Structures are given as structure tokens and as C-alpha cells.
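One structure is given here, and the rest of the page talks about it.
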Amino acid sequence: MTIYKAPVEDMSFLLNHVLGMDEISRLPGYEEATPDMVAAILTEAARFFDEVVAPTNMIADREGLKLEGNQVITPPSLDGVYQQMVDAGWQSLAGDPQYGGQGMPQLLSFVVDEMCQSANLSFSLCPLLTKGVITALSRYGSEQQKIEIIPKLMSGQWSGTMNLTEPQAGSDLAAITTKAVPNGDHYLISGQKIYITWGEHDYSENIIHLVLARTPDAPEGVKGISLFVVPKVLEGQGESARNRNDVYCIGLEEKLGIHASPTCTMSYGENGGAVGYLVGKENEGLSYMFAMMNHARQSVGLQGVAIAERAYQQAVDYARERVQGDVPGKSRVTIINHPDVRRMLMTMRALTEGGRALAYSSMAHEDLSEKAENEQQSAYHQRRVDLLTPLVKGWCTDVGLEVASLGIQVHGGMGFIEETGAAQHMRDARILPIYEGTNGIQSLDLVGRKILRDKGMAATELVVEWSEILTEVEAAGEEMAPIARALKAGITDCSTAVKALFKAAVDDWAAAEAGAYNALMLMGTTAAGALLAKSALAAVKLNEAGQGNKDFNDAKIITANFFAQYVMARNSGYVAAVQAGPENVMALAEEAF
């Protein structure tokens, strides 16, 4: 098994030479994010997650979880790790200083999040969801809720979850039945929620559940959903007044992967009702929850990158050590000398670096949107965040699963054996295209909400940016010619696909939905390719100036060329599938399946 080492050089290169960290650090409130400070934070984060968290990954997976009564027993190998993490300040890095946060850019915190996710994906889900609760309450909570809850979430003293899914209501939240009955200054919550990640544990003093429920007179469907804060522990005027709320874990799911992350069935109100407090207004809960969900979707996309990075590192190490076969002029070589193994490793590397650039770019626009000097700039960057979110979640998680699968293939039969650890990466990665909205839902969101609804405005802005990159690449010489050809074709294919979807959607409701997934993969591949092209341009300029690590810069150029020739070649298939329309998708009679 390979111990993870955070790819700090690649992370720093993206921040400093591709995504404009210098511009972000000049935004109001981010002035302390100087180059020296950013470098120090990344170095220290890498040390912590490499040395403290990463070694627990395989051990915690094997130890698993137990439920004793209503208490979740977490893996012994993780004992004390959560407290070390919050004590070191990693939970509060991008937090608002007025609530005890450190006020660093969200992009910088996102980079650290990747380290945590690579180190132990199961463990990383606990702080991830807590940050989502902070996001939702920061935007929609009352002043009292912000003051009383957010500082304790930010410090790690408390943690958080989101409770959406019910046994009869998966992605269709219109079907939820959990009740919220007014009772004085609070509500009494009753019902059951399933698939609640880190819904019960003893790492934090309290757990703040954000729960979707219906009040007695609520309208049907999604318009009748409200959002409530339901604490695990209720607090009175002093320590002696603390008492347990009527919310309990009554079951743990046995899962394919993420074995060290408790996926709980939560019961509310078995003993009269769980005390809950309304967030914002009644019947506005779904829109509030989307603040948390959109944050989570970007983070899940990043998880695809994180698991890909760890699978790639392990595959490279194995390929360097495993002796098998001959090549011309050499006998008994390590398998990294075989072209097909190189093809797999280069695919893993290119997809991982493309996914990282795509995910980070979304969070860079998040920072620019929140700190923009005027509403016009803020709106521009927010449109980009909205457009990129389904791409990050959908494309990055699908390629993360592909990379994990290739990691097993590089290992051969040993990859299928649990003792190497390669299989765990694929088991863990398999949930990523499913949760926080399946990738099918992400593709429908991309096409329906993010492209068709604004008549392609945000998509056109993105294409303009790609075209500017293309102009630079075309002027960069023969070394960049394969990248230029692929990016030019990708831009054309994306425009063709969007036009086809617009045209078909007028006459056939199924057209956009049938083509949506291929449109997502087409746009995600092109977006990642454009950012790798930008990375290659930066590497060329650094080499010309005699700056940086030449071997690293050369590898950037080679990887971008590989992505252009081997990965972006998939685009022709994606655009053809979009153009094919829904006829053969829907042609087979239901009873014929």
C-alpha cells in the first residue's frame, strides 16, 4: 500500500500560474493570503494530512463501524484525529472572522480539503458536511442562530449534517413526509431520514442536523418544504440543563465503500417530538438547503479528484516496482516500461490534473463572486459558479471512478485483492456519482437550469474564455499544436451540442434529457482541456523565463498534450450522441426491458 503524499507542487502551480491566486489575495478581506502565507499553509496542511490522517485510511476501512444501542462506535484508528484536525484550525481556515474563522480564501481552503479527502475519504465527510451547514446558516439563519451555532461549528466543537432523504423519497424531495408541528418558540419534528452521513458519532459535543420537513398547513410538493435546525443536544441556561433531544440513530447501512463513515438511519420524535427551530421562512426550505447542497456538490466533485490522486500515486508506485516481461533491449523490466501501462498511467494523470483544475476554477469564481467590487462582476462570477457546479460534480466524479478502476487494472490481479488497497479506492469512489444529486440529475441541471433557462448566456461566456485560451495556444508554436486542434474542435462540438439541444427541446420534452449526460461529459472534458491548455501555456512561459522546475513544467506540457489527443478524442462521440436525439433512447417498449 502506498502512503499518500499531497501534490503540493501541482496545487501551488494551479493557484499561482493558472487560477490567479494573486488577484484573489487582493480582494477585500483576503489581504493576509500573501504568497508566503499560502505556501506555509499548504506545507503545514500537507504534513498534517500526510502524516496524521493518511495512514488511517486502509486501517479504518477494515475496522469499520458498529452501532451499540443508539451510539455509533467509530474505528479505533481514528481516535483523536478529529480533535487534532480542529485544534490545528483546518476546519475554520476560510471561516468568517466574526464567527471565529481565519478569513482565508475559499479556494485555499478547498485545496486543503482535497488533501483531507485523499488522506481518508470517509473521515473527510464529517468536516465537509459541517462546512455545508455553516454555509446554509450564514446565508439564511437568523442572527441568533448565526451567533449561537456558527462559531461552535467553525471551531469543531459541534459538527453538522443535512437530512433530506426518506425511505419513500430519494431524489424526489416533493415526496417527503417528515412533520414539523409548531410548539411555542420551536417546532416538534417527527419522521425518519435515511442515508445521513455522520448522523451520529462522539467526535463533537453536539451535532446540528439541518432537516427538511412539512408544517401542518404546508402546500403539497416542493413548495411546502421548510428547513429546521435540530440539535442532538439541547442547551439550557447551564451545563446541568443540557439534555438529549428526541433524535436518534436507529440503524447503520452496510455499504460498498466509505466503511469508516457512518451512514445512518435517523429517527425523529419517537418520544413526543424532536425540538427543531425554523430556518428563515416556512415553505422556503428547499431553496435554503440548496445553498448547502451546491457547496456539497463542488466538494463531492473534489472528492473525485482526491480519490483519483491517491489511486494514481499507488498505481505509479506499483508500476515502478512490479517486474514483469521484456521490452526491446531490456529483459525483466518493471511494468512502467510497457506502453499499455504508460497509457493507463497517463490517462490517470491527465484526468486527475484536469479534474483538479476544473474543481479549483469553480471555487476561484466563488471567491471572486463573493468579494467582487460591483454587482455586475459578482453576477458574472456567480453565473460561472452555477454553470461549473454540475460539471465539477458530474465530470470529476465520473473520471474519479474511471481513474480508480484503471488503478486496479495497473495492479492486475493484485488490484482485485484487498490487501493492496487499490480496490478500496474504487469502492470508495463508487458513491461519488450517486450522492448530492446523481450525475444524471447534474446533467439535467446543466442543460435545463444552467443552459436552456438563461438561453446559453453563461455557456457563451465560458466559450469566450476558451476561445481566448485557444488564441494563445495557437500562437505558442508546434509544441502546442495538438492542444490547439483539440481545443478548437471541443469548442465547436460544445456549440453544436448546445444548438442541437435548443432546437430539439422545442418539439420533444425528452430530447434535452436524453442528450444531457453526453452534453455534460462533452462540456466537462472541454473545460478541463482548456484549463490544462492554460497550464501548458504557463509552463512554456516559465521555461522561457528560466523559472520554476523545468522537469515539472515539461511534464505539464506533455500531460496537456496527452489529454488533448487521448481524452478529448472522446468529444466526437459525446456530440454525436447529443445530436442523435431521444428516439432510440425511448423507442423500446417498457415491457420489452
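Using the working numbering, read the sequence shown as starting at 712 and increasing by one per residue. Virtual Cβ for every residue (Gly too), placed ideally from N, Cα, C. Predicted, not measured: the structure shown is a model, and the values here were computed from it.
ALA1287 has its alpha-carbon roughly 30 Å from the corresponding atom of ASN1005.
Runs of the beta strand (DSSP E) spanning 3 or more residues and lying entirely within the segment 1120-1151 do not occur at all. Taking C-beta atoms under 8 Å as the contact rule, GLU916 and GLN868 qualify, at a distance of about 6 Å. The criterion of a C-beta distance shorter than 8 Å is not satisfied by CYS975 and GLY991. The C-beta distance from PHE834 to THR767 rounds to 7 Å, short enough to meet the 8 Å contact threshold. With contacts defined by Cβ atoms closer than 8 Å, ALA1061 and ILE1194 do not form a contacting pair.
Distance between VAL892 and ASP957, taken at the CA atoms: about 14 Å. About 6 Å separates the CB atoms of TYR999 and ALA847; that is less than 8 Å, so the two are in contact. Minimum Cα-Cα distance from VAL729 among the listed residues LEU921, SER1072, GLY1257 corresponds to SER1072. A direct Cα-to-Cα measurement between ASP1097 and TYR906 gives close to 26 Å. Annotation for VAL719: LEU753, ALA757 place their beta carbon closer than 6 Å to its own, counting only its chain and skipping 5 residues before and after. Listed in chain order, the non-local C-beta contacts of GLY1151 below 8 Å within the same chain comprise ALA1227, TYR1228, local neighbours out to five positions each way being set aside. Sixteen is the threshold: when 16 or more other Cβ atoms of the shown chains lie within 10 Å of the Cβ of PRO786, as they do, the residue is buried.
For GLY1015, the uninterrupted alpha helix (DSSP H) run begins and ends at 996-1032, by DSSP.
The segment 1248-1259 and the segment 1174-1192 touch, with three or more beta-carbon pairs separated by less than 8 Å.
Under the three-state reduction of DSSP output, SER1042 falls in the coil class, being neither helix nor strand. By the criterion of at least three beta-carbon pairs nearer than 8 Å, the segment 1020-1027 is in contact with the segment 1110-1117.
Under the three-state reduction of DSSP, HIS912 is assigned to coil, being neither helix nor strand. Here SER853 carries a coil assignment [DSSP, helix/strand/coil]. In the displayed model, THR1203 falls within a helix according to three-state DSSP.
Taking all protein chains shown into account, THR1171 has fewer than 16 neighbouring C-beta atoms within 10 Å of its C-beta and is therefore exposed. A distance below 8 Å separates the beta carbons of VAL1027 and LEU1056. ILE918 is not a Cβ neighbour of ASN994, given a cutoff of 8 Å. Proximity of the segment 1281-1298 to the segment 1218-1225 meets the contact definition, three or more beta-carbon pairs being nearer than 8 Å. When the five nearest sequence neighbours on each side are left out, no beta carbon in the same chain lies closer than 7 Å to the beta carbon of LEU1299. With respect to THR1108, HIS1122 sits apart: the two C-beta atoms are not nearer than 8 Å. For GLU1179, the closest C-alpha among the options LYS1199, LYS1267, SER972, ALA750 is that of LYS1199.
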